[in-house]
Structure formats: structure tokens, C-alpha cells
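Q:
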Amino acid sequence: FLYGSGFLAFFALVVLGVYFLFVRSAPNCSDKRQNQNEEGIDCGGVCVKDCLVDTLRPVAISGTPEFFTLPGGRASALVGIQNPNLSHGAKNFLYRVAFTGENRKVIVENSGETFIYPGEFKYLFFPDAQTGASAARGAELSVNEITWARAEVFHKPQISVQNHRTLTVEHTVRVEGTVISQDTITLPAVRVLAVLYDAKFGLPVGASETVLDDVAPGESRQFTILHPQIGEGNQLLDVNATKIFVSAYRP
């Protein structure tokens, strides 16, 4: 009996050794176990995946989308989006904005790729939102393939705007100003968006943007943004109400 029990114990140890040596794989970041120095199951520590990613709230539309009629039957659109997460930004994501009419019927869709910093509000601007967008009343946003990054490694660049002014020149609105970079690296593309407002109700009546390439640390760069006239002879425009929004990806 003792001999048999010893043999069974020895056999069990051999089988267990074979399992751990040859069958069971080494700890890794997809074994559905918290091991190595992971902070959670298959996340944190040596694993690339951030344990907090699954708890983050989605990037979503903020406020009411604005639609502006342009000459030639065209239309532009301005859609505000918000990242509600203060701990993480999205270094890259794909988006699709569906402009909708009555009964939320989709009129036209626009897609693209962008980024958003922790806690940031920013505009998606569509300078030519395709035929039919002028009849839109709302917008729906879908986001895919989002790459999250912690706030300590992905934060807004240090840029500002000074001395901007809005001028009316014949049949054109002209917005001028200076972008100043206080950042420590060259910014590959700085987007400068001008939103125009009417003089009577203070509502947005138009938007246009320009892109400044390779803005160096400490550089001051002038910009000019053009927009077709607002109303007959720009009479509806409040030239003192223009707002400037600056956005740049910090690699």
C-alpha cells in the first residue's frame, strides 16, 4: 500500500512537472491572469495596455453643431467634441460624423482622423460638408481605433494667439493675427480656426481656418484666414466678436 501510494505521488509530480515545463506557457500579457508585475489582469507593469483604459468615458459631441450656407449652394459645418477624461488623451482616433435632418435621417457623412488632449474641447471643422449639409439639423459622432495616452505623456503644446483682428474687404472677411509658440519642440501643423459671429444675436454665422506648418520653439508666425462675406456687404458681422481656436499635435 505504501509502495503504491509513493508511486502515485511520484507519478503525479512527474505529470505536474511536465505540465509546468512543456504545456503551460510562461506568464504573458494575454494569459488572462494577473502575474509578472501587472497592475491588473494583462495590463500595467510590463504590459503595454493601460489598466484604466476600460474605465474611460467616450469622446462625444458637445453643444449644438453649427451649419453655415456658402456661395454656390455649398455648406460648412462646425462640430464641437469633448474628451471628458482628465487622466487620458487620445493620441489618434478615426471618426465619422453623420449630419442628420428631420427624424434623425442621415443626409451626408464625413470621416477623418484626429486627436484630443485630456479634458479638451475642440472643434471638428468641415469647410465643405458636401451637398445637402445646409439642410442638416444635427450630427452624430462615432469613434473607432482610439489610442489612449496618459496625461503626463500627452499634453497640450504651449501656443497662444495675439493681436488678432477681423477686417471686411469688399466681398471677403479677413482675419489676421499672430501665433506664438512657447513650446520646446517644433509643431508640425498648427491649425488656426476663426469663428465669426453676427452683430444682432451674437450667434455663429461662419467659420474658416488655416494651417501653419513647422512652427519652431519660440517662433511668432503671422496668419491670415479668409471667409466669404457675411450677408449683404458684411452688415451682419460683428468684427469684434471673432473667436480664435488653435490646435496642434505635439509628437
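Terminal number for the sequence shown in the working numbering: 984, no gaps in between. The beta-carbon is built from N, C-alpha and C at its ideal position, and this holds for glycine as well. The structure presented is a predicted model; accordingly, all values stated were derived computationally and were not measured.
#1: Would you say residue 926 and residue 939 are within 7 Å of each other, going by their C-beta atoms?
#2: Which residues does DSSP list as the beta-bridge partners of residue 960?
#3: From the DSSP secondary-structure annotation, give me the bridge partner or partners of residue 895.
#4: When DSSP labels each residue in this structure, what does residue 868 get in the three-state scheme?
#5: Going by CA-CA distance only, name the one from 957, 786, 855 and 974 that's closest to residue 931.
#6: How many Å lie between residue 891 and residue 909 at the Cα?
#7: Among the residues of its own chain, which have a CB less than 7 Å from the CB of residue 833, if the five just before and after it don't count?
#8: To the nearest angstrom, how far is the alpha carbon of residue 981 from that of residue 804?
#9: Can you give me the C-alpha to C-alpha distance between residue 862 and residue 881, rounded to a whole angstrom?
#10: Between residue 912 and residue 956, is the Cβ-Cβ spacing less than 7 Å?
#11: Identify the continuous beta strand (DSSP E) that holds residue 824 and give its terminal residues.
#12: Would you give the residue range spanned by the beta strand (DSSP E) that residue 799 belongs to?
#13: Closer than 7 Å by C-beta to residue 947: which residues in its own chain qualify, once you throw out the five before and the five after it? Chain order, please.
A: By the coordinates alone:
#1: no
#2: 906
#3: 911
#4: helix
#5: 974
#6: 20 Å
#7: 839, 840, 869, 870, 871, 872 and 873
#8: 29 Å
#9: 28 Å
#10: yes
#11: 821–833
#12: 799–802
#13: 919 and 921
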